[in-house]
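In the UniProt record's numbering, the protein residues as written are 1 to 818.
Even glycine gets a Cβ: it sits at the ideal position worked out from N, Cα and C.
Predicted, not measured: the structure shown is a model, and the values here were computed from it.
Please read the structure below before turning to the comments.
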């Protein structure tokens with residue numbers, strides 16, 4: 001068999017001697033050597049060095065002129081990702097040296113065992129440290145290797161591949177298998193190395209026998225070999241970076257990105273094929289002397305002027321990687337929001353019959369088509385150079401900051417309305433040159449309202465209010481009689497998309513309440529009641545506290561505005577403004593700061609001489625409301641109406657939510673059970689000096705009836721000194737069939753009539769000084785449920801200020817006579 005050194009091809013079928021002559025002339029000399037090495041590099045240069053490949057053969061390998069078999073297949077096994085570590089173990093054993101008069105052959109065996117992990121440089125060092133613990137090769141082939149727990153965890157991330165001239169008993173699947181295979185390699189050679197194969201051959205030129213025979217005229221210069229090697233290495237690195245990006249979850253979620261990267265990778269592979277084709281065509285001609293090597297060198301010179309210039313490829317990839325990172329940052333901020341792949345999916349969501357409002361975060365600068373990719377494609381087709389337009393949108397800090405701010409705003413809305421089936425929040429990509437980077441589309445009932453939904457830039461003032469007024473009007477039938485009426489506005493739900501938080505700037509004002517009927521309900525004892533004439537000229541100051549930080553569910557911050565919208569704005573002091581909530585369930589700093597601000601507001605209302613109504617918000621606000629009340633008037637009687645005692649301490653709470661702990665912050669006896677919390681350093685307990693809390697459960701309500709329970713309650717509160725009463729009313733005390741729009745409903749609560757009766761009874765004691773109405777959450781149920789809850793809350797408030805369910809007829813009313 002002959003070998004053509006010009007084209008690196010075997011010429012089968014031709015022999016200079018027959019087999020018998022070859023056997024007679026062959027001499028064999030034992031040459032026993034073993035060499036083991038470890039390599040962490042995956043470059044063409046390191047592989048060539050490992051396989052002992054000289055420059056001439058290397059350029060043939062780069063041009064695809066050489067076929068690979070056995071251990072040489074390792075040369076074509078390349079890393080696919082830059083985020084991938086590789087360590088290669090080489091075992092090389094030489095057994096015999098065979099010699100003919102014209103040819104030398106070395107018989108040996110070479111094995112390449114490759115270990116891979118999914119991280120980069122720091123892992124390579126750890127991998128090499130582990131591999132160095134592999135015992136020396138021994139004939140018994142036993143394996144004992146001691147690894148630390150950290151090293152064992154590292155080996156679990158390895159994958160293995162075996163390239164060799166000998167076949168192992170089994171392909172290694174684990175680190176232990178790979179070590180076992182490596183240690184047993186000497187046994188695979190067989191007795192006297194009979195399983196070894198030729199790996200290096202020294203050839204005699206045919207010209208030695210015949211001066212007219214073809215010969216190798218010239219070899220490729222080292223400089224040209226290096227240019228070919230650099231070109232292949234650059235393209236290899238580019239392809240690995242591109243593969244890394246294609247594996248990113250964000251790229252999988254946005255088809256435009258995936259398509260661009262896939263096209264880029266495909267064009268790079270085409271260009272690599274073109275270079276290999278040029279090498280394969282020109283190399284034999286150069287070796288024959290028919291062409292000068294400058295013809296091949298021109299190919300690599302053109303590369304530097306082409307779109308496949310390494311610097312240009314890197315620049316495009318860096319731009320694309322930044323684009324991916326910016327999008328990933330925004331998507332991570334909006335965690336949990338659904339990503340849509342195309343316009344069809346967006347239409348399906350927008351036209352869903354059960355959805356009223358859709359907010360869609362749109363990445364606007366992901367256009368289909370890329371001028372640089374077009375230039376690459378054109379160059380491959382015609383080798384003509386063109387110009388490219390670069391969009392630096394994602395390099396602009398201004399655009400990046402705007403995108404992040406919009407993403408945070410969007411996430412805040414999505415989180416607050418996640419339980420509402422009428423609102424939907426989505427993410428997609430859609431070209432829109434008006435808005436760089438990203439914008440927010442707002443769809444209302446299937447129609448696009450705006451392409452640039454914005455956070456409200458100014459505070460909106462609530463102006464549509466109605467006063468609650470008790471007044472006397474003369475009667476023709478009975479001039480001394482009086483009647484009462486209540487003017488209420490119709491319930492109109494607030495648009496949660498348009499109004500995230502409404503803050504009233506109205507100046508403090510009040511409304512007078514005229515005397516009510518003097519007839520007492522039979523359940524109200526004179527011992528516990530003042531004369532109802534003392535209610536004359538009572539005035540009410542309302543504070544809105546839209547705060548939800550004492551528990552994890554958003555929505556209760558909308559309660560004050562919904563109750564106002566239902567008609568209970570009795571000359572209010574506006575909503576308090578609170579800081580944005582901090583992360584974490586307990587939110588101690590946020591809750592402490594909110595209550596401190598509320599305490600100051602309540603003190604202002606009480607200093608102005610009004611009965612204070614605090615519209616929450618969650619029940620953690622009772623800390624500030626009661627503290628401010630007590631700070632203004634002194635000792636209080638507190639009536640706590642709730643489905644829960646809310647007397648947990650931070651140490652006994654199962655959730656850490658402060659809306660289940662307000663009583664423990666106010667009771668003197670529990671202070672040593674509360675850890676030191678700087679955010680609550682302003683508060684000191686004002687309530688009971690002893691823990692003599694009287695408790696009525698639903699069992700007593702069922703056994704005694706609500707009338708008897710309230711009679712005992714009021715007698716207990718006014719037994720010694722008639723103190724101002726602070727009524728803290730959580731709507732979850734009422735059965736969820738009546739008030740479903742609340743965060744922690746409990747079945748079997750008070751009926752509607754029982755709940756209202758409690759408020760009526762307290763009103764008629766004449767001692768009511770402040771009211772909390774909390775935990776109305778419009779985001780937790782249907783519109784009908786919200787309407788029922790808000791209507792009940794309004795009725796409770798009206799009952800607190802004297803509205804009775806016995807009709808509007810005064811006590812002296814006489815039936816008309818015929």
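Going by DSSP, residue 728 is part of the beta strand (DSSP E) stretching over 725–730. If you draw a straight line from the Cα of residue 336 to the Cα of residue 264, it comes to about 31 Å. In this structure, 761 is the residue among 740, 220, 751 and 761 with its C-alpha nearest to the C-alpha of residue 707.
With 16 or more other Cβ atoms from the protein chains shown falling within 10 Å of its own Cβ, residue 792 counts as buried. DSSP, reduced to helix, strand and coil, places residue 249 within a helical segment of the structure shown. Partner residues in a beta bridge of residue 372, as assigned by DSSP, do not exist.
Checking the DSSP bridge columns, you'll see residue 441 partnered with 360.
Judged by pairs of C-beta atoms under 8 Å, the stretch 623–635 does not touch the stretch 692–706, as fewer than three such pairs exist. Annotated three-state conformation of residue 772 is strand, per DSSP. Measuring C-alpha to C-alpha distances from residue 155 to each of 168, 173, 169 and 167 identifies 173 as the nearest.
Using a 10 angstroms sphere on the CB of residue 342, the tally of other CB atoms stays under 16, which defines it as exposed.
In the three-state scheme derived from DSSP, where H, G and I count as helix and E and B as strand, residue 637 is classed as strand. Within the same chain, Cβ atoms closer than 6 Å to the Cβ of residue 253 are found at 339, the five residues on either side in sequence being excluded. Residue state for residue 760 is assigned as helix, using DSSP reduced to three classes. By the Cβ-count criterion, residue 202 is exposed, with fewer than 16 other Cβ atoms from all chains shown falling within 10 Å of its own Cβ. Here the alpha carbon of residue 260 sits roughly 22 Å from the alpha carbon of residue 399. Scanning 270, 308, 242 and 615 for the CA closest to the CA of residue 320 turns up 242. Here residue 167 carries a coil assignment [DSSP, helix/strand/coil].
Counting only residues of its own chain and dropping the five nearest sequence neighbours on each side, residue 449 has a CB closer than 6 Å to the CB of 442. The closest CA to that of residue 611, considering only 598, 596 and 725, is found on 725. Its Cα nearest to that of residue 198, the residue 165 stands out among 345, 424, 165 and 205. In its chain, beyond the 5 residues on either side, 455 have a beta carbon closer than 6 Å to the beta carbon of residue 409. By the Cβ-count criterion, residue 361 is buried, with 16 or more other Cβ atoms from all chains shown falling within 10 Å of its own Cβ. Contact between residue 717 and residue 620 does not hold, since the beta-carbon distance rounds to 24 Å and is not under 8 Å. Taking a cut-off of 8 Å for Cβ pairs, the stretch 728–741 and the stretch 774–783 touch, as three or more such pairs fall below it. Going by C-alpha positions, residue 617 is about 6 Å away from residue 775. The continuous beta strand (DSSP E) containing residue 449 extends over residues 447–450. The C-beta distance from residue 303 to residue 231 rounds to 6 Å, short enough to meet the 8 Å contact threshold. Residue 366 places its beta carbon 7 Å or farther from that of residue 425.
By alpha-carbon distance to residue 446, the top candidate from 411, 381, 374 and 349 is 349. Following the DSSP letters along the chain, one finds residue 257 in no beta strand (DSSP E) but inside the alpha helix (DSSP H) bounded by residues 255–288.
DSSP places residue 424 inside the beta strand (DSSP E), whose first and last residues are 423–429. Taking the CA atoms as reference points, residue 764 sits about 25 Å from residue 604. The secondary-structure analysis by DSSP pairs residue 338 across a beta bridge with 426.
DSSP links residue 750 through a beta bridge to 734.
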